[in-house]
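Student:
Residue numbers (the numbering used here): 48 to 363.
1) Whole angstroms are fine: how far does the CA of residue 322 sit from the CA of residue 151?
2) So what's residue 221 in DSSP terms, helix, strand or just coil?
3) For residue 153, does the three-state DSSP call read helix, strand or coil?
4) Would you decide whether residue 353 is buried or exposed? Buried here means 16 or more other CB atoms lie within 10 Å of its CB.
5) Considering only their Cβ atoms, is the gap separating residue 177 from residue 195 smaller than 8 Å?
6) Whole angstroms are fine: how far does the CA of residue 131 sit from the CA of residue 260?
7) How many angstroms separate the CA atom of residue 75 from the CA atom of residue 155?
8) Starting from the C-beta of residue 140, find all residues in its chain whose C-beta is less than 6 Å away, skip the five residues before and the five after it, and write them out in chain order.
9) Give me the residue from 317, 315 and 300 with the minimum Cα distance to residue 309.
10) Please say whether residue 213 and residue 233 have beta carbons closer to each other than 8 Å?
11) Thinking just about the alpha-carbon of each residue, which of 103, 207 and 341 is nearest to the one in residue 243?
12) Which residues in the same chain have their Cβ closer than 7 Å to the Cβ of residue 358, if we skip the five residues on either side of it in sequence?
13) For residue 304, would you say it is in contact with chain B, using Cβ-to-Cβ distances shorter than 8 Å as the test?
14) Is any heavy atom in the ligand SAM found nearer than 7 Å to the beta carbon of residue 333?
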């Protein structure tokens, strides 16, 4: 699945040595053909419950000051093929569904279709990834966008690994055409491997420029992100995985927002922790917590909230 997005949290095709560590799902066995060979297809399904103490639609700057629980369902289909010439192909589809118990106007469904191609060279890799996303809010189309990103990766030392990319995104809001626009962005992630992909930290930087039909939504932004991942052999051959991350984003809006009579200046922080607890070879319990603190001159974008989630994930 695609690399990190500012609109939705998708995972993405990475260099081969990192793929197992950065996947949001557990690797599954291939689907068998009649002759006993295996298709290079991974299928992952996760279902569970989520609780938000504040119900929001961040893409529309909408907040409802109530808490609610939701049923959540995630499906991932991934196909990969590695060619002899050092070329790697990846295709993917994902579906994410969130259905609130009471606040059904905030029910969210996301479809994501992705494609990636990477060429491995002796000292570095070059690749391109693209994906198309459609999001529906309470059954109505909320947002669709197409994302295109060339990237490169390189080991600087045995422990240091660099990934740099540029991306272009074309966004369409059918019910809010003033938010239609495009994004140009550049980012870089530096990985430090303490114990290979079992234990590592990541520091990331991003600069983005969003140009929308309504100038009130134009902004330039910078992001700083820190991530930590550790696998623990607590029992058997199935390690428990711990992930921590923190992200800071500063958005400088370039035009006056009519409702407040001034230009917006937003600072956003997010903290997350997630633990993957294997139950069997194919079944994993996923526990996560997220805290967000958004400071903004626009009242509907100024909030802090907490999210708790528990899921069971099956791979087959």
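Every residue gets a Cβ at the ideal spot worked out from N, C-alpha and C, and that includes glycine.
Predicted model, so just to flag it, every value in this text is computed and none were measured.
Tutor: The structure says:
1) 28 Å
2) coil
3) helix
4) exposed
5) yes
6) 46 Å
7) The pLDDT assigned to residue 75 is 37, lower than 50, so where the model puts this residue is not dependable; a value taken from the coordinates is nonetheless given after this. Going from the Cα of residue 75 to the Cα of residue 155 covers about 27 Å.
8) 124 and 160
9) 300
10) yes
11) 207
12) 93, 94, 95, 119 and 333
13) Protein chain content of the structure displayed is limited to a single chain, and chain B is not contained in it.
14) Because no ligand of any kind appears in the structure shown, any question about the ligand SAM cannot be addressed here.
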